[in-house]
Each structure stands twice: as structure tokens, then as C-alpha cells.
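Note sheet for the following structure.
Protein chains: 2
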Amino acid sequence: MKNEKILNVSVDCVVFGYDVATKSLNVLVIKRFLESEKEVLVDDYVLTGYHVYQHETLDDTATRVLKELTGLTNQYKKQFKAFGNPDRLTNEKDLIWIKNEEFNTRTFTIAYYFLLKTDDVDLNKNEHQAKWFPVNNLPELGFDHKKIITEAYEDLKTKCLSEPIIFKLLPDKFTINDVQDLYESILGIKIDNRNFRRKLINKKYIIALDEKQVGVSKKPAQLYIFSKDVYDKMFQKNYLINI
Amino acid sequence: MKNEKILNVSVDCVVFGYDVATKSLNVLVIKRFLESEKEVLVDDYVLTGYHVYQHETLDDTATRVLKELTGLTNQYKKQFKAFGNPDRLTNEKDLIWIKNEEFNTRTFTIAYYFLLKTDDVDLNKNEHQAKWFPVNNLPELGFDHKKIITEAYEDLKTKCLSEPIIFKLLPDKFTINDVQDLYESILGIKIDNRNFRRKLINKKYIIALDEKQVGVSKKPAQLYIFSKDVYDKMFQKNYLINI
DNA sequence: CCAAAAGTGTTTTGGCTACACCCATGA
DNA sequence: TCATGGGTGTAGCCAAAACACTTTTGG
Numbered sequence: 001m002k003n004e005k006i007l008n009v010s011v012d013c014v015v016f017g018y019d020v021a022t023k024s025l026n027v028l029v030i031k032r033f034l035e036s037e038k039e040v041l042v043d044d045y046v047l048t049g050y051h052v053y054q055h056e057t058l059d060d061t062a063t064r065v066l067k068e069l070t071g072l073t074n075q076y077k078k079q080f081k082a083f084g085n086p087d088r089l090t091n092e093k094d095l096i097w098i099k100n101e102e103f104n105t106r107t108f109t110i111a112y113y114f115l116l117k118t119d120d121v122d123l124n125k126n127e128h129q130a131k132w133f134p135v136n137n138l139p140e141l142g143f144d145h146k147k148i149i150t151e152a153y154e155d156l157k158t159k160c161l162s163e164p165i166i167f168k169l170l171p172d173k174f175t176i177n178d179v180q181d182l183y184e185s186i187l188g189i190k191i192d193n194r195n196f197r198r199k200l201i202n203k204k205y206i207i208a209l210d211e212k213q214v215g216v217s218k219k220p221a222q223l224y225i226f227s228k229d230v231y232d233k234m235f236q237k238n239y240l241i242n243i
Numbered sequence: 001m002k003n004e005k006i007l008n009v010s011v012d013c014v015v016f017g018y019d020v021a022t023k024s025l026n027v028l029v030i031k032r033f034l035e036s037e038k039e040v041l042v043d044d045y046v047l048t049g050y051h052v053y054q055h056e057t058l059d060d061t062a063t064r065v066l067k068e069l070t071g072l073t074n075q076y077k078k079q080f081k082a083f084g085n086p087d088r089l090t091n092e093k094d095l096i097w098i099k100n101e102e103f104n105t106r107t108f109t110i111a112y113y114f115l116l117k118t119d120d121v122d123l124n125k126n127e128h129q130a131k132w133f134p135v136n137n138l139p140e141l142g143f144d145h146k147k148i149i150t151e152a153y154e155d156l157k158t159k160c161l162s163e164p165i166i167f168k169l170l171p172d173k174f175t176i177n178d179v180q181d182l183y184e185s186i187l188g189i190k191i192d193n194r195n196f197r198r199k200l201i202n203k204k205y206i207i208a209l210d211e212k213q214v215g216v217s218k219k220p221a222q223l224y225i226f227s228k229d230v231y232d233k234m235f236q237k238n239y240l241i242n243i
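Protein sequence lines, in the order shown, are assigned to chains A and B.
Read in order, the letters of the first sequence correspond to residues 1 to 243 in full-length UniProt numbering.
Read in order, the letters of the second sequence correspond to residues 1 to 243 in full-length UniProt numbering.
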């Protein structure tokens with residue numbers, strides 16, 4: 001009774017991970033596979049999600065789903081939109097799939113996205129056949145999950161311009177070029193290295209360490225950390241009207 | 001069957017209206033009143049909202065709710081957040097109220113806000129005892145509706161800085177000072193009139209009419225319109241990283 | 001010594017800020 | 001003619017943009 005599922009309300013999670021080595025912003029999805037005796041009925045990918053339990057907050061559902069998928073807790077998360085149109089689970093494969101699951105075709109989903117490091121997730125421990133795909137090269141996705149990912153990505157693009165959430169995708173110690181590469185990946189733009197570098201180094205909350213990269217085959221770069229404390233202290237809303 | 005309600009999912013609408021005369025950003029709420037033979041049990045205000053119908057999109061639910069309340073259609077609307085924590089309808093008055101209504105205490109609500117002109121709404125035609133309150137001086141509100149309004153307002157404050165949604169709150173023909181007053185109301189700040197005026201007048205999509213205010217008791221001001229066409233044509237995303 | 005990526009300065013430009021007085025109008 | 005709100009100009013400052021070469025390192 002305590003863990004009774006609410007059958008028509010779920011939380012779906014768009015898990016963004018950044019791979020510093022390949023400079024790729026990825027999304028974590030799981031396999032959806034079903035076959036009959038004669039043929040493969042469903043073979044694609046979906047976001048992870050789960051029904052909300054009767055006595056659980058929406059945030060807690062999202063946290064639970066992420067933990068179940070990756071083992072991770074305390075990652076950055078944001079509820080960004082609810083999806084609940086009557087036709088959202090009604091293409092052919094979705095209907096076949098739903099027959100085998102206990103949920104309503106009219107299911108509402110509250111969508112969250114998470115930001116973390118691709119490397120923090122050990123896919124081998126996972127039962128879901130989870131897999132990373134570059135956000136710009138997604139596989140065939142079930143339900144309306146392509147749309148959900150697209151909207152999450154749009155929100156991320158906007159939000160990373162005005163809040164320092166980008167550092168959630170990077171290791172604690174990073175180089176200035178790591179940050180630039182990540183912005184370029186997310187936004188799909190080229191940034192001038194000299195201007196970007198100057199801009200970042202001048203921020204008091206981007207702190208140079210007494211440390212350089214190790215194990216790189218070329219000139220090792222200066223490492224920096226982001227200080228949330230300093231950021232929070234000096235943060236003040238600016239009301240620049242930019243219409 | 002067609003119009004079967006989904007009992008645990010609703011849409012709530014935060015209706016923002018701006019009153020040019022009083023320079024007040026208002027929220028439209030309806031009376032919630034219940035009495036027993038001996039006493040008043042519930043006497044406060046709530047947002048308008050309604051269950052989602054089985055065959056209806058979320059956007060359509062919001063549109064329907066607004067129309068039912070104000071008679072208006074085609075107003076700017078935005079889905080901004082879902083609320084569904086288990087305790088959101090569980091204070092004493094809410095429980096009394098719910099007994100008389102057919103909905104679940106674990107109800108999820110997808111919250112929208114609308115932007116329109118206070119003057120466009122004729123409250124006399126309304127059966128709900130609807131009333132405008134300044135967003136900074138709200139009455140006692142039932143359920144978690146205070147929180148919903150606060151979050152809608154925060155979203156509006158952010159969004160009006162980067163998109164020309166402010167004009168949805170103004171009459172088609174407005175003065176520069178109207179726009180300034182509105183920004184000052186929404187953001188709670190003072191703006192330099194000369195700088196603001198110059199900035200607006202230089203925008204190609206703020207078009208001066210061959211027309212001035214009439215019926216004002218002082219020097220009549222120049223009227224302008226906002227051209228969405230021009231705005232859309234010249235709009236280009238700028239990727240200014242401002243962290 | 002070579003390949004590769006790290007790191008560095010200057011100039012121009014445009015937008016934001018600060019600031020105080022005159023003007024046009026209707027009553 | 002007066003009270004009220006409408007409307008106007010300039011100078012300083014700062015942040016962004018444009019732009020190409022030198023340095024450091026490991027192999």
C-alpha cells in the first residue's frame with residue numbers, strides 16, 4: 001500500500017552526461033526490446049522513467065529513477081516540463097509495448113533532466129542495457145521521448161547561458177579549454193579562445209589550482225575549480241532587459 | 001465518456017493582468033466559500049483550474065479553463081511547472097473543501113500562466129466571484145496556490161527580460177512610459193527614463209504611430225505598437241555567456 | 001626537433017550608466 | 001499661468017569582438 005503506484009503519472013529522466021575525452025554531450029537511454037515467436041516486435045530505446053508512488057514527491061521519484069539507473073544520487077536535476085497529450089503513447093510499437101506493461105495509454109509524465117559526468121556511470125553494473133548516445137545523434141526512440149529530449153536540450157542551452165550549471169557536467173578539476181569545448185558542444189558554436197579564456201579567468205569563482213594536467217601527451221594545461229561558495233556570495237540578479 | 005474527467009490530474013491557471021491606469025500587475029483568482037449551519041468553514045481564494053478530460057491535450061485544458069473564467073481565447077499562455085507533492089492539498093480547509101468535490105487528495109496539477117490585459121476581462125459576467133489582486137498583495141489562498149503563483153511570477157520575471165512578452169500585457173497602442181511602468185511593476189525596480197526610452201525607440205519593431213494619446217489631462221504622449229513580424233524577422237539568438 | 005595544444009595583448013566598437021532641464025498640454 | 005507628465009543629449013566606462021603568433025611540453 002505504501003508503495004502503490006499511480007498508474008497514470010510517471011517521471012521521465014533525461015540524463016545528460018559529458019565526455020571530456022570525446023567532447024561529446026550524451027544522453028543515457030535504455031533498450032526497449034520485445035519479440036514474438038516469429039519476429040522482433042519492438043527494438044528501440046527509451047528514457048528511463050517510472051510511475052510516481054502514492055506517497056512520494058515528484059523530485060523523489062526523479063531521484064529514485066536516477067539511482068536505479070546509475071547508482072548515483074545528489075546530481076543536478078531540474079523539472080522542466082510535463083507531457084500528457086492523449087496521443088503521446090499511441091504509435092504502433094508503443095501500443096504493443098504497453099500491452100505488456102501495467103500502465104495507462106493516457107499517462108502524464110513529469111520530465112526532469114540531470115547533469116552529470118559520463119565517466120561517473122558504470123554501465124556494466126546496469127541491468128537495463130543502458131547506453132549513451134550523443135545528443136545530436138540519437139537512435140530511434142519510443143513514445144514521445146525524442147520530443148522530451150529535444151525540449152530538455154533546449155532548456156539546457158538557455159540555462160547554461162545564465163547559470164553556472166555547466167560545471168555539473170565537468171570533473172571538479174578542469175581546464176579553461178574543457179569549459180570552452182563544452183560550451184561549443186552544447187551550443188553548437190565556435191568561441192574565440194582568447195576572449196573566452198580572459199573572461200573566465202577574471203571570474204573570482206573560477207580558481208586556479210597549484211596543479212596541472214598529468215598524463216597528457218602534450219603541454220599540460222592549468223587546472224581550475226569552480227567555487228559555488230564564491231559564486232553565491234557575489235551573485236546578484238541583473239535586470240538587463242534584452243528584448 | 002468523451003468528456004470523462006481524469007480525477008487525479010488538473011490544470012491550474014495563473015492569470016496575470018496588467019492595469020495601465022493603476023500600474024498594477026494583478027492575478028485573477030476566484031472565491032472559495034463553504035459554510036455549515038453554524039459557521040463559515042472555508043472562505044478564501046484559489047486559482048481557477050479543472051481536471052484534464054480524457055481526450056484533451058494539456059494546452060487545450062488550459063485554454064478551456066481560461067475561456068470558462070474570462071470568455072477570452074488566444075491569449076499568451078505558458079506551461080511553467082507541474083506540482084504533485086503528496087501533501088499539497090492537505091491543510092485543514094483544503095480537506096474540508098475536497099470532501100465536497102470529486103477529486104483525489106493526491107492530485108497532480110500542471111500549472112500555466114496567462115498574460116492579458118485586466119481591462120479585457122468583464123468580471124460582472126462571471127459566476128465564480130472572480131477578483132483581481134495585485135501580485136504583491138495577494139489574499140489568503142487555498143491549496144498550494146500561493147506557491148504556484150510565486151513560481152509563475154518568478155518565471156515571468158525571468159522571461160520578460162529576454163522575450164517581448166511584456167506587450168501581451170499592454171494594449172496594442174502604448175506609450176514608452178507604459179512599457180517602462182510595466183517593467184518597473186514586474187521587476188520591482190526603477191529604470192532611468194532617458195536610457196529606457198532611447199533603447200526602445202531604437203528597436204525597429206517598436207513602431208511610432210501617427211497618433212497621440214487622447215483624453216488625457218496633460219500633454220498627450222506618442223503612441224507605439226509592437227510588430228511581431230519585424231521582431232521575428234530580425235530575431236537571432238545571441239549566445240552571450242553570462243555566468 | 002617536431003607535433004600539438006596551451007597560452008598571450010591590443011584595438012575597436014557598441015551598449016549601458018549617470019545625470020537635469022525644457023516642453024507641450026489641458027485645466 | 002500653472003501643474004503635470006512627456007520628452008530630450010552628452011560624456012565616461014566597460015565588456016565584447018576581432019584578430020595571429022609564441023611557448024611549452026612529451027615523444
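Note that beta-carbon positions come from the ideal geometry of N, C-alpha and C, so glycine has one too.
Since the model is a prediction, treat every value here as computed from it, not as a measurement.
When the alpha-carbon of residue 100(B) is set against those of 59(B), 198(B), 41(B) and 162(B), the nearest one is in 41(B). Contacts with chain A at 8 Å (Cβ-Cβ) include residue 84(B). Sequence-ordered contacts of the stretch 91 to 116 of chain B with chain A read 106, 108 and 110 [C-beta pairs closer than 8 Å].
Secondary structure at residue 175(A): coil, using DSSP grouped into helix, strand and coil. In the DSSP annotation of this structure, the continuous segment of the beta strand (DSSP E) that includes residue 224(A) starts and ends at 222 to 226.
Taking 7 Å as the cut-off between beta carbons, the residues of the stretch 161 to 191 of chain B near chain A are 161, 162, 163, 164, 183, 187 and 189, in sequence order. Apart from sequence neighbours up to five positions away, the residues of its chain that approach residue 128(A) with a beta-carbon distance below 6 Å are 30, ordered along the chain. Rounded to whole angstroms, the separation of the alpha carbons of residue 208(A) and residue 228(A) is 14 Å. Listed in chain order, the beta strand (DSSP E) elements of length 3 or more contained wholly in the stretch 104 to 131 of chain A are 108 to 117. The C-beta separation of residue 16(B) from residue 169(B) comes to about 7 Å, placing the pair in contact by the 8 Å criterion. Rounded to whole angstroms, residue 106(A) and residue 153(A) show a C-alpha spacing of 25 Å. Where residue 168(A) is concerned, there is no enclosing beta strand (DSSP E), because DSSP gives it neither an H nor an E. The Cβ atoms of residue 149(A) and residue 82(B) do not sit closer than 8 Å to each other. Taking a contact to require three or more Cβ pairs closer than 8 Å, the stretch 6 to 16 of chain B and the stretch 43 to 60 of chain B qualify as touching. In this chain, the beta strand (DSSP E) harbouring residue 35(B) covers 24 to 35. Residue range 48 to 53 is occupied by the beta strand (DSSP E) that includes residue 48(A), with no alpha helix (DSSP H) assigned at that position.
In the three-state DSSP reduction, residue 219(A) falls in the coil class, being neither helix nor strand.
For residue 233(A), not one C-beta of chain B is nearer than 8 Å to its own C-beta. In terms of Cα proximity to residue 114(B), the closest of 199(B), 20(B), 75(B) and 92(B) is 75(B). Only buried fits residue 62(B), as 16 or more other CB atoms lie within 10 angstroms of its CB.
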